[in-house]
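Position one of the sequence shown corresponds to residue 740 (my numbering), numbered consecutively onward.
By construction, the Cβ of each residue, glycine as well, lies at the ideal position given by its N, Cα and C atoms.
The structure appears below as structure tokens.
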Amino acid sequence: MERDTILVPTDFTPVADCALDHAIEIAKLFDHKICMLHVVGKKSTQAQRDRAIKKIEKIALTNSEKSGIKINGSIAEGSIFDEISNTASKLSAEFIVMGIHGKKGVQHIVGSYAYKVICSSTTPVMVVKKKHHHVGYRNIIVPIDFSYESTLKINKAIKFAKYFDSTIHVIGVIRSKSSVFKLEKEALLKKLIDYFDAAEVKAKAEVIIKPGADLHDEVISYAEKTDADLIMIVAERSGRFNEVLGRNDAEQIIDKAEIPVVTVIPSNEYDDDDDDDSLLSSFFDPLGLIDKP
């Protein structure tokens, strides 16, 4: 089934409007349609459901007429985590665009709640916190972990970058002082840049050497330094990361970054192949969260 839908969960707050704004600009370039979703609790009354339906349909119609993008609105009853994931699956959504910020967002989704939504869905999720600036995503940060497997999973980033005429910034963080290790990783990044060049995509690569560094802090700092518009990371749901010392790096990036973050869950369903034209269905392994063979 063709993946041509962007799902935008909404609770009618301003940050949810920001998510819709991002989704509209992406839909214009990808020739996608948008489905807005509002989740109501199981104890909601019929009057509450009717008001929600009326409100979401009005927002969808107004923005559809203004943007020229096909937008529809729907409501679902139940858990926000389950319903967002279920709706994305039913629609075969290309990805989800969701707004979070402070105590406001999709039914108060913040921090670990946003991460829970991400980990409950195999559909890539873009988390946004600010209104779109309407100039696309000029600089995209793609952290990698230097594994052979992670470097093979970048074809979809190339497709995304081509739509926005973006520059991809590949970074790797080394927490060892070994000069040999540094040379090996720089050589790997050079091969990766050659790969981007062959695909006619603008790309830069940098190795950051910082013993004891926190990966998430380095990614966010690098994004600020390069005036990045988007960070692309991977998350995983098995819980192999160490929760004792705090949340994993993927979640910290989602929580702390002010720019949009696209997060994808590793799944065999989204492996690259020649017949797969979906834009964001492959994954990256920037933070070493996936078991290696």
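Legend entry - Span of the alpha helix (DSSP H), counted from its first residue to its last, around A827: I819 to L830
Legend entry - Spatial distance of V912 from N878 (CA atoms): If I take the Cα positions, the gap works out to 19 Å.
Inset, instruction - Apply the 10 Å Cβ neighbour rule to K924 and answer buried if 16 or more other Cβ atoms are within range, or exposed otherwise. - result: buried
Inset, instruction - Within the same chain, show all residues whose beta-carbon is closer than 7 Å to that of Y957, passing over the 5 residues directly before and after it, in chain order. - result: Here residue 957 turns out to be Glu, not Tyr, going by the sequence shown. Hits under 7 Å: V912, I947 and K949.
Inset, instruction - Determine the DSSP secondary structure at T1002, reduced to helix, strand or coil. - result: strand
Legend entry - Neighbourhood of R979 by C-beta, 6 Å cutoff - its chain only, sequence neighbours within 5 removed: At R979 the pLDDT is 37, less than 50, meaning the model places this residue with poor confidence; the figure from the coordinates comes in the next sentence. The answer is none, since no qualifying residue turns up.
Inset, instruction - Take F751 as the anchor and find which of F834, R790 and I765 has the nearest alpha-carbon. - result: By alpha-carbon distance to F751, the top candidate from F834, R790 and I765 is R790.
Inset, instruction - Examine the Cβ distances between the stretch 931 to 945 and the stretch 897 to 912 and report whether three or more of them are shorter than 8 Å. - result: yes
Legend entry - Backbone CA spacing between L776 and S783 [nearest angstrom]: 16 Å
Inset, instruction - Helix, strand or coil for E816, going by three-state DSSP, please let me know. - result: Three-state result, E816: strand.
Inset, instruction - Measuring alpha carbon to alpha carbon, tell me which of L928, D760 and K869 ends up nearest S806. - result: D760
Legend entry - Inter-residue Cα distance where the pair is E963 and E945: Cα to Cα, E963 sits roughly 15 Å from E945.
Legend entry - Rounded C-alpha distance that separates T744 from K995: Between the alpha carbons of T744 and K995 lies a gap of roughly 28 Å.
Inset, instruction - Would you kindly check if the distance between the Cβ of K869 and the Cβ of C1035 is under 8 Å? - result: With the chain represented from 740 up to 1032, any question about residue 1035 goes unanswered, as that position is not in the structure.
Legend entry - Rounded straight-line distance, which links the Cα of I897 to that of I857: I857 and I897 have their C-alpha atoms roughly 22 Å apart.
Legend entry - Helix, strand or coil at V1035 according to DSSP, with G and I counted as helix: Past the boundaries of the shown model lies residue 1035; the chain is included only from 740 to 1032, so the question cannot be answered.
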